[in-house]
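Reading the sequence shown from the start, the letters are residues 714 to 788 in our numbering. C-beta: ideal position from N, C-alpha, C; glycine also.
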Amino acid sequence: MISKIDQYAIDAIRKARKAQKVSQAMLAYGIGKSNGFIGQVESSKCPTKYTLRDINEIAKYLGCSPRDFLPEKPL
């Protein structure tokens, strides 16, 4: 089972990715991960999740702050 904070980050990254019309494969390539990595993270059937390093690299790739993917208050 994935934690609330992990799910929040996954959902926020998915939303930002789609808003910029970036595919899962494009994002994975842009942050140096395997082709299916983003799909695994976004799948509720897979326990894979983002690390803080992943979140930082995604923020660089999407041109935003890592804070954009984390909640204001603890969950």
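Backbone CA spacing between I771 and P779 [nearest angstrom]: Taking the sequence shown and counting its residues from 1, the one referred to as residue 771 is at position 58. Taking the sequence shown and counting its residues from 1, the one referred to as residue 779 is at position 66. So the two alpha carbons sit approximately 8 Å from each other.
G743 - DSSP class collapsed to helix/strand/coil: Start at 1 with the first residue of the sequence shown, and residue 743 comes out as number 30. Residue state, collapsed to three classes: helix.
R730 burial status per 10 Å Cβ neighbour count (16 or more: buried): For the purposes of this step, residue 730 is taken as residue 17 along the sequence shown, with counting starting at 1. Its Cβ being crowded by 16 or more others within 10 Å, R730 is buried.
Closest Cα partner of K762 within the set K746, G776 and Y742: If you number the sequence shown from 1, residue 762 lands on position 49. Among K746, G776 and Y742, the Cα nearest to that of K762 is on K746.
Same chain, Cβ closer than 6 Å to I751, neighbours up to 5 away in sequence not counted: Taking the first residue of the sequence shown as position 1, residue 751 is located at position 38. Q737, L740 and A741, listed in sequence order.
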